[in-house]
Each structure stands twice: as structure tokens, then as C-alpha cells.
Amino acid sequence: MIQHFPILSIMVLFLGAFLVVLVGRSRIARTAVVSAAVLTSFALMVALIKPVMIDGQIISYWMGNWAPVSGYAIGIGIEVDALSLFFGLLVSLAVMLSGFYSFKYITQDDSPDLFFTLYLMLAGGVMGIVLSGDLFNIFVMLEVMTFAAVALTAFRSWNPNAREAAFKYLVVGSLGSTFVLLGTALVYGQCHTLNLAQISGLLSVNGINPTMTFAFALLFTGFGVKAFMTPFHPIAADAHAAAPSSVSVLISGVFTKTGVYGIIRVSYFLFKSMGMSSMQTGLVFIGCVSMFVCVTMALNQHDFKRLLAFHSISQIGYILTSLGLCSAIGIAGGLYHAINHTLFKGLLFLTAGAVLYATGTTKLEKLGGLARRMPQTAALFMVGAFSISGIPPFNGFVSKWMIYQAAYEKAAETGSIGYAFVTVIAVVTSVLTLASFVKVGQSVFFGELPVELENVKETPLSMRIPMWIMAALCLLTGVLPGLMQQYIINPAVRATLDYKGYIDAMMGEGYAAAHLADTVPLAEAKYTFAGAWDPAFWLVLFVIVLLGVTVAMMIGKSGRGAATAIADDKHDTFFGGEKNTFSQVGGGDLFWGFKYNFRRYLNVMGNAHSGVVNDYVTWGVIDLALIIVYCFIFM
Amino acid sequence: MMLVNYIGAVLLLATGFYVMMTKENIIKIVIGMGIIDYGLNLIIVSIGFNEGGTAPIFTMSELKPGMYFVDPVPQALTLTSIVIGACVTAMALTLCIKLYEEYGTLNSSHIRRLRG
Amino acid sequence: MKNTDNSDLIVKCLADKFLPLSLVLGLYVILHGNISPGGGFQGGVLVSSAVLLLYLAYGYKGAAATISGKILHKGEAFGAICYIVFAMLGIFYGFNFCRNVLFSRGEIGDIWSSGTIALMNYAVGLKVLTGVGFLLMLVIGLLAADPAEKAPDASEGGELK
């Protein structure tokens with residue numbers, strides 16, 4: 002009976018979506034159907050924790066009982082190992098909490114029955130991706146998920162920017178799906194099968210031909226589009242800002258994780274290319290660029306949700322960096338950060354939604370001093386802000402510490418200074434994240450209450466309960482990292498590095514040994530997690546950072562002087578201390594001096610995010626070309 | 018085998034990418050997405066072709082065991098891909114209509130409120 | 050039908066004659082989906098072209114008077130639910146999902162020879178018929194609506210094969 006649980010947990014979401022269409026008009030029936038669907042799906046996933054994670058069993062399920070015939074897979078398979086179950090738990094938890102939040106939140110929009118139909122289709126599509134064992138099934142569910150997300154982005158008819166955001170999201174998103182489909186077709190042409198386990202058995206890095214290198218680059222870039230890798234991130238900022246908040250939780254917390262899951266399956270399982278140091282460097286480079294570019298863009302933003310979206314993408318950069326290191330602690334840090342990111346980013350988006358519900362705006366200039374009227378929302382926001390900046394005892398601290406340690410150990414092990422530089426970038430990004438959130442907290446919750454916001458009320462109770470549950474989980478996963486590691490993260494890490502078990506579970510015993518004679522081995526799963534706090538390492542790190550800052554300031558000196566000062570009405574107030582009656586300095590200008598010093602870089606970045614859809618497509622195609630060239634040179 | 022098909026499909030993909038990158042009218046961008054779909058479908062169908070094979074249909078005992086037939090799996094993949102392409106085109110054109118109502122123009126460099 | 054405007058008499062006549070033909074052809078393609086090329090999706094699109102024929106001949110008002118959007122919308126959900134129920138039959142009988150449990154009747158070439166596959170095919174045909182028809186009605190409504198009247202929210206997402 003246990004083996005039916007994965008497919009039931011996907012189908013119950015789709016069944017709920019179509020039932021909502023039939024009974025949608027009446028509010029009670031709709032609430033009942035949606036609650037039943039998300040609760041059932043979550044319960045089925047939780048029921049699978051004991052067999053799969055604790056006992057180590059891998060559930061392999063062939064649809065229609067089409068078992069493999071003489072070593073060839075002919076049916077569509079569903080395979081749930083600890084990695085899939087990890088992502089499945091994350092997805093169903095986020096869907097459940099965000100679903101309960103939406104019951105009250107969506108009363109401000111029209112047509113709630115259409116909202117819940119699309120919401121459940123999005124949830125079902127994402128569950129279909131993480132539990133599936135067949136490459137084309139992943140593609141179809143990817144498309145279902147993209148359509149539902151685009152339709153939900155365009156949902157609000159009273160927001161004039163929503164249609165533009167949805168159009169850009171559709172164009173670039175379908176570009177990503179095109180890459181995935183092309184990669185799948187090429188893989189099928191080589192292996193004549195679509196089953197992940199069998200493809201993984203047939204392909205090996207030492208025997209790879211140029212067509213397969215091309216297919217790897219395409220699949221990697223395609224899943225990277227869904228995970229909002231660096232050149233594809235401007236659409237994420239638009240989509241998060243335009244969508245309703247409960248959908249922003251799903252896009253940032255769940256949708257991006259399927260891109261990360263796809264990258265793990267392609268790099269670690271199908272092509273087994275992560276053992277090569279050039280591939281590790283490539284993924285770490287992409288992660289670092291994502292982290293740094295997005296956190297500096299976030300300093301410039303004037304809209305609450307757009308700023309949260311940029312931070313979300315920079316945290317995905319952390320996850321990609323950590324997964325690219327390909328050591329046991331690196332993968333553990335990446336997966337831990339994935340679940341932490343869903344929790345704290347979900348909490349932050351839900352608080353943004355509560356602010357929008359109460360006041361009707363998300364622009365930082367118009368908000369201020371809301372902590373007096375909405376104290377619980379302000380407390381929840383502070384929990385989220387501390388978690389994302391990596392402050393103990395919340396969960397961001399544990400996972401970020403693991404990522405710093407993983408990068409530093411990799412630098413010590415391989416002796417290359419590049420990985421120490423990665424640690425420096427990660428720490429600097431963390432500091433800039435904290436700076437951003439101090440600024441947002443000051444602008445939105447502390448400070449002066451404007452006159453038109455005198456009558457805002459606290460968030461309704463049914464919206465506060467999911468937020469409190471998420472905050473409690475943030476605290477719990479930060480305070481009990483040992484339990485999380487033992488029961489949830491370590492089985493997933495072991496499953497990532499153990500592709501032989503995955504293949505044997507689907508295709509029968511002995512298949513892996515017969516076909517995988519010569520492959521590059523991945524890292525051993527060492528579990529000496531003692532936390533080497535050696536003061537000498539940190540002194541070296543501090544000296545590197547100090548040298549870097551000195552060099553940057555000396556180069557930057559050429560931009561000073563009266564000839565290059567731009568006319569800005571806040572310049573005199575900040576730099577000269579002049580008294581000014583109409584200076585327009587508000588809570589959002591907390592780091593104005595910092596922004597002024599780096600204004601050339603921020604201007605270039607701001608112009609690069611030009612808002613024209615052709616530019617985004619051009620960036621995407623150029624990035625695909627670069628990744629193809631990189632793979633051909635180094636694989 | 019089928020070199021003409023592959024060259025034609027790659028030319029269609031290149032044309033589709035060119036249209037999506039350079040044309041400013043959003044309807045032309047949607048047409049570019051359609052041309053990319055045509056190129057993809059042509060590649061998928063051509064992958065499954067076996068020389069001298071017959072159609073994989075069992076009706077009226079046309080196909081005897083041991084006969085050589087064309088691979089049916091890419092045909093199913095292409096069918097799904099055509100359906101998905103039709104849905105993407107429908108959604109994109111609906112968004113174009115709503116964008117025209119809101120912005121009054123179909124030029125993508127004027128539809129730029131979200132930037133920076 | 051009442052001919053109030055004689056300028057498109059030819060279009061109206063041809064539409065009247067072709068409408069039953071296209072409906073019958075579409076239903077034939079749906080029903081024989083498991084034994085001949087075609088099937089649910091292709092037949093469903095053929096049947097839903099009836100909406101376009103009505104629009105070409107009689108305009109938006111004529112098409113909307115004949116075809117009701119609400120019934121199409123509910124019919125689409127009904128088709129999808131039927132598909133999921135037929136697929137779950139496999140689990141109720143003790144096998145895996147999507148198992149062909151009604152297989153043992155008829156031989157190759159009959160309509161009923163493929164068991165559950167035929168029933169799932171009809172469910173898909175019903176879903177595509179109603180879904181594409183509703184989509185076409187919405188898009189035609191958007192194009193033909195007055196500026197004063199609020200156009201309906203036309204975002205159709207998701208399909209199930």
C-alpha cells in the first residue's frame with residue numbers, strides 16, 4: 002500500500018483542482034475541497050518519512066505495471082528516494098501553509114475559484130516533478146507548473162503591471178522549457194529510453210560523445226532558467242512583485258527548488274559530471290555571480306516585494322554554490338539551506354502580503370511605523386529578517402555556517418585560493434543582506450506612521466496562524482540542527498551520492514554493476530562534522546578582506562571630487578550635514594551614502610535590467626552559448 | 018539519415034531565436050516562439066525514424082511480428098509538444114490583447130514599466 | 050435561422066451545411082482513437098472548430114446564444130475528473146496506477162479491444178472539446194466586447210493527457 006502514496010499525493014492535488022471548478026461558487030465547499038487536498042497530500046508525504054528516510058528503502062513504481070523487459074525500461078516510472086522525499090516534504094509543507102493563508106487573503110481579489118484551481122494545478126505540477134523517475138514526465142509537469150505560475154502572475158486585474166510581468170515570464174520561461182525538451186530529445190536519441198535510472202546506467206562520463214555534452218549543457222541551462230540562475234533573474238523580480246503573496250511564496254520557495262532538483266538530478270545522477278573539478282568550478286562561479294549581483298541590485302529597490310525577490314535569488318545562489326562544491330558537507334549545507342530558504346522566505350513574503358492586505362501598497366516610501374499598529378506582523382518580520390541574515394539561534398545561521406565551512410574546507414583541501422574567495426563573497430553577501438533588511442525594517446515597520454495609514458488593523462487570525470507556524474519552524478530548525486541532520490538531511494545526502502542504489506531499485510539488482518564499469522567516482526560521504534574553528538584560518542581570511550577593501554577604495558578614489566558629484570538633493574544633507582527643510586530624506590535612505598559611493602556600478606546594473614523582453618531573451622541565449630562552449634572545452 | 022530534416026530543424030530554431038531576440042512587436046515575438054516549437058517538433062520526430070520501417074499500427078493484422086517499424090515513442094512526445102505549443106500560443110496571445118488594452122502599444126521597448 | 054442581414058448569406062449557408070459534417074468527423078476521430086490515427090486531442094480540436102464556424106457566420110452574439118460558456122467550463126472539469134477516476138481504477142483493482150483492467154474483451158481492430166484506454170480516450174476527447182471551445186469563446190468575447198463592458202479574465206492554464 003505504501004507504494005501507491007507518491008502517485009496518490011500528486012493526483013489528489015489535480016483532482017482537487019478540477020473539483021474546485023465544479024463546486025467553486027460556494028465558499029464552504031471550496032474551502033473544504035482545498036483543505037482536504039493539501040492536507041491529504043502533506044499527510045501522505047509525512048507517512049513516507051519512516052520507510053524511505055529512516056529505513057532507507059527506495060520506492061520504485063511503474064505506472065500500469067509495465068515492468069522492464071529484458072533490461073529495457075518501457076513504462077513511466079516513479080521513484081522516490083530520500084532526495085525526492087526531501088523535496089516533496091518541502092513542497093507539500095509550503096503548499097499547505099500558503100494555502101491556509103490564501104483563504105482570507107484572496108477575499109480582496111475577484112474570482113477566488115479560478116485562483117484555487119490554478120493554485121492546486123501549480124502544486125500538483127511541482128509534486129509531479131520531484132517525485133517522477135521519467136525525463137519526459139518531468140518536462141510535462143514543468144510546463145503545467147509554468148502555465149499555472151504565469152496565469153497566477155497575471156491574476157490581479159487591478160494591478161497594471163501584472164500583465165507585463167506575466168508576458169515576460171511566459172517568454173523567458175518557455176525558452177527554458179525549450180532547452181529542456183531539446184536536451185531530452187537528444188538524450189532519447191542516444192539512449193532510446195526515457196527512464197532516469199536507465200539513462201544514468203547507460204551514460205558514463207568517460208564514454209561521453211559531443212552530442213551528449215551538448216545535451217548536458219541544454220538540460221543544465223533549462224533547469225537553471227527555472228531556478229532563476231543569474232542572467233535569467235530579472236523576470237523573477239517582476240513576477241514576484243506582481244503575483245499575489247501566497248503565490249510568491251510558491252514561486253520563490255517551491256518553483257525554484259524544482260530547478261535546483263533538476264540540476265542535482267542532471268549533474269549528479271544522469272551525467273555524473275560533478276566529480277570533475279571543472280564542472281564544480283563552473284557551478285560555483287554561477288552561484289557566486291548570482292549571489293553577489295542580486296544582493297547589490299536589492300539595495301536599489303523601492304518596492305518591498307521586488308526587494309524580497311532579489312534576495313530570494315541571491316539565496317538560491319548560495320544553494321547552487323554549495324551544491325557545486327561536491328563534498329558531503331557542501332551538499333548537506335545546500336539542502337539544509339534549501340529547506341531554510343523555503344521557510345524564511347515564505348514567512349517574509351507572507352508578511353509582505355499582510356502589509357499589502359492592511360495598507361494597500363508595497364512602496365517603501367509610502368509605508369512607515371507599522372509596528373505600532375501591527376505588532377505581531379512586525380515580530381514575524383524580525384524573525385524572518387534575522388533568519389535570512391544568518392543570526393543565531395535561527396535557522397539561517399546553521400546552514401550558512403555549513404556553507405562557509407564547506408567552501409573553506411574545499412580551499413584547504415585543493416589548495417586553490419579561488420575557493421577561499423568564495424567564502425569571502427558569501428560572508429560579504431550575508432552582511433549586505435543584513436544591511437538591506439535593516440533598511441526595510443526601518444522603512445516599513447519602525448519610524449513614523451504616515452497620516453493616511455492611521456487606521457490599519459492587525460492581520461486577521463487565519464492569516465496569522467500559518468505565519469506563526471512558519472516562524473516556529475524557523476526557530477526549531479535552527480535550535481535542533483542535530484535532529485534535522487540525522488533524520489532528514491543525512492539520508493538525502495547519502496541518496497545524492499549513491500546513484501548505484503537508485504539504478505538498482507528501478508531496473509533490478511545487478512544492472513548498475515554490469516553497466517557502470519568505468520566512471521569518475523564522486524566524493525565519499527565523510528561525517529566528521531566537528532566544526533574546525535582554527536583561528537589561523539580566520540586571521541588569513543580577515544587579512545584578505547582588508548586588502549581587498551583597501552584596493553577597492555584606492556581604485557575608487559578616481560571617482561571623487563566636485564567634477565563628478567551628481568546633483569542630488571540629499572547629497573548636502575548626508576555629506577555636509579546641512580540643515581534642509583524639504584530634504585525628502587526618509588526611512589528608506591538608511592544606506593544612502595553607501596549607494597552614492599557605488600553609484601556607477603549601481604547605474605550600470607540598473608540599466609542592464611532594462612525591462613525590454615528582447616534583452617532578457619538575448620541574455621539567455623548568450624548564456625546558453627557560453628555554457629555550451631564551457632562544457633565542450635572542459636568535458 | 019534524414020540529414021535534410023536535421024538541417025531544416027536547426028535553421029528553424031535559429032530563425033526562431035533571431036525573431037525572439039530582435040523583433041520589437043510582441044506579436045512577432047509570439048510568432049518566434051511558434052517557429053521554435055516547429056523546429057523542436059521536427060527534431061523529435063526525425064530522431065525516431067528508421068530507414069525502411071513501416072507505421073507502428075496493429076489494426077487488421079498489417080504488422081506481423083518480426084517486421085521493422087518506426088519508433089512510436091517520439092511520435093507521442095511530439096504530440097504532447099504540439100499540445101503544449103498550442104496552449105503557450107493561446108496564453109501569450111491573450112496576454113498580448115490585455116497588454117494592448119493597458120499600454121496602448123504593441124512595441125516591446127515601450128512596455129517597460131518594470132525595470133531596474 | 051433568421052436572416053436579418055443578406056450580405057453574408059453565402060457564409061451563413063455554407064456554415065449551416067458544414068457544421069454537422071465537422072461535428073461528425075470530429076466525433077468519429079475521437080471514438081476510433083485507439084485503432085486509427087487521431088484520438089482525443091485531435092478529435093476534440095475538430096469538434097471545437099464548430100465554435101469558430103458559428104462565429105464566422107453569425108458573429109459573437111450568434112455564437113454566444115447557441116453555446117453556453119458555463120456548461121463548457123463545467124464539462125471540462127468533468128472530463129478531467131473522469132480521466133483521473135478511470136486511471137485510479139487500476140489502484141482499486143489491486144494493480145498500479147493507470148493499469149488496463151478491462152482488457153480481456155474483443156480482438157485487435159474492435160473499438161472495445163483496448164479496455165480502459167478507450168474510456169480514457171473519451172474522457173480526454175470531452176476535455177479537449179470543451180476546453181478549447183471555452184478558450185475560443187473567451188478570446189472571441191475579448192475581441193468583440195465593447196470598451197465599456199469589462200472583458201472576462203481569460204487565462205486558461207494546464208492540460209492533462
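Protein chains in written order, with my numbering: chain A, 2 to 636; chain B, 18 to 133; chain C, 50 to 210. Glycine residues also receive a C-beta, built at the ideal position from the N, C-alpha and C atoms. As the structure is a prediction and not an experimental result, all values here were calculated from the model.
Exercise. In angstroms, rounded to a whole number, what distance separates the CA positions of residue 618(A) and residue 283(A)?
Worked result: 22 Å
For this session: On the DSSP bridge assignment, give the partners of residue 62(A) in chain order.
Result: 79(A)
Problem set entry | Spatial neighbours of residue 299(A) in its chain, beta-carbon cut-off 6 Å, leaving aside the 5 residues before and after | 308, 311, 312 and 437
Exercise. Who are residue 133(A)'s beta bridge partners in DSSP?
Worked result: 79(A)
Exercise. So, is residue 533(A) buried or exposed, given that buried needs 16 or more other C-beta atoms within 10 angstroms?
Worked result: At residue 533(A), the pLDDT of 48 sits below 50, so the modelled position is not reliable; the number obtained from the coordinates is stated separately. It counts as exposed.
Problem set entry | Exposed unless 16 or more other CB atoms sit within 10 angstroms - verdict on residue 38(A) | buried
Exercise. Helix, strand or coil for residue 152(C) per DSSP?
Worked result: coil
For this session: Name, please, each residue of chain C whose Cβ falls closer than 8 Å to the Cβ of residue 120(A).
Result: Here the premise fails: no neighbours, minimum Cβ distance about 11 Å.
Exercise. In angstroms, rounded to a whole number, what distance separates the CA positions of residue 44(B) and residue 109(C)?
Worked result: 23 Å
Exercise. Quick one: Cα of residue 260(A) to Cα of residue 379(A), how far?
Worked result: 32 Å
Exercise. Which chain C residues are close to residue 62(A), counting only those with a beta carbon under 9 Å from its beta carbon?
Worked result: 145 and 146
Exercise. Start and end of the alpha helix (DSSP H) containing residue 452(A)?
Worked result: It is not in any alpha helix (DSSP H) - residue 452(A) carries neither H nor E in the DSSP assignment.
Exercise. Taking the alpha helix (DSSP H) that residue 465(A) falls in, what are its first and last residues?
Worked result: 462-480
Exercise. If you draw a straight line from the C-alpha of residue 207(C) to the C-alpha of residue 123(A), how long is it?
Worked result: Residue placement at residue 207(C) is flagged as unreliable, the pLDDT there being 38, under the threshold of 50; a coordinate-derived value is accordingly withheld.
Exercise. Cβ of residue 2(A) within 7 Å of any heavy atom in the ligand MN?
Worked result: The ligand content of the structure shown is nil, which means the ligand MN is not present either.
Problem set entry | Residue range of the unbroken alpha helix (DSSP H) whose run includes residue 24(B) | 20-39
For this session: Would you mind sorting residue 518(A) into buried or exposed? The rule is 16 or more other CB atoms within 10 Å of its CB.
Result: Reliability of the predicted coordinates at residue 518(A) is poor, the pLDDT of 45 falling under 50, and no value is obtained from them.
For this session: Could you say if the segment 215-230 of chain A and the segment 262-273 of chain A meet the contact criterion of at least three C-beta pairs nearer than 8 Å?
Result: yes
Problem set entry | Cross-chain neighbours of residue 188(C) in chain B, by beta carbon under 9 Å | 107, 110, 111 and 114
Exercise. If you measure beta-carbon to beta-carbon, which residues of the segment 189-204 of chain A are closer than 7 Å to chain B?
Worked result: 189 and 190
For this session: Following the continuous alpha helix (DSSP H) through residue 155(A), name the residue where it begins and the one where it ends.
Result: Element bounds for residue 155(A): n/a, residue is neither H nor E.
Exercise. Taking 8 Å as the CB-CB cut-off, is residue 629(A) touching chain C?
Worked result: no
For this session: Kindly confirm or deny that the segment 479-496 of chain A and the segment 368-386 of chain A touch, where touching means at least three C-beta pairs closer than 8 Å.
Result: no
For this session: Would you kindly work out how many angstroms separate the C-alpha atoms of residue 325(A) and residue 213(A), rounded to a whole number?
Result: 20 Å
For this session: Can you give me the Cβ contacts of residue 102(C) inside the same chain, cut-off strictly under 6 Å, excluding the 5 residues immediately before and after it?
Result: 64 and 68
For this session: Check whether the Cβ atoms of residue 104(C) and residue 189(C) sit closer than 8 Å, and answer yes or no.
Result: yes
Problem set entry | Sequence-distant residues of its chain with Cβ nearer than 6 Å to residue 460(A) (five each side left out) | 355 and 378
For this session: Grab the span of the alpha helix (DSSP H) containing residue 110(C) for me, first residue to last.
Result: 89-115
For this session: Closer than 8 Å, Cβ to Cβ, to anything on chain A: give me those residues from the segment 118-130 of chain C, in chain order.
Result: 122, 123, 125, 126, 127, 129 and 130
Problem set entry | With 16 other Cβ atoms within 10 Å as the buried cut-off, status of residue 94(A) | buried
For this session: For chain F, find out if any of its Cβ atoms is closer than 8 Å to the Cβ of residue 149(C); answer yes or no.
Result: Within the model displayed, chain F is absent; protein chains A, B and C are what it includes.
Problem set entry | Closest Cα partner of residue 146(C) within the set 76(A), 44(A), 97(A) and 115(A) | 76(A)
For this session: Determine, using beta carbons only, whether residue 186(A) comes closer than 8 Å to chain B.
Result: yes
Problem set entry | Contacts of residue 96(B) in chain C (Cβ-Cβ under 9 Å) | 88, 90, 91 and 210
Exercise. List, in order along the chain, the chain A residues whose C-beta lies closer than 7 Å to that of residue 133(B)?
Worked result: 301, 607 and 610
Exercise. Going straight from the alpha carbon of residue 56(A) to that of residue 6(A), what length do you get?
Worked result: 17 Å
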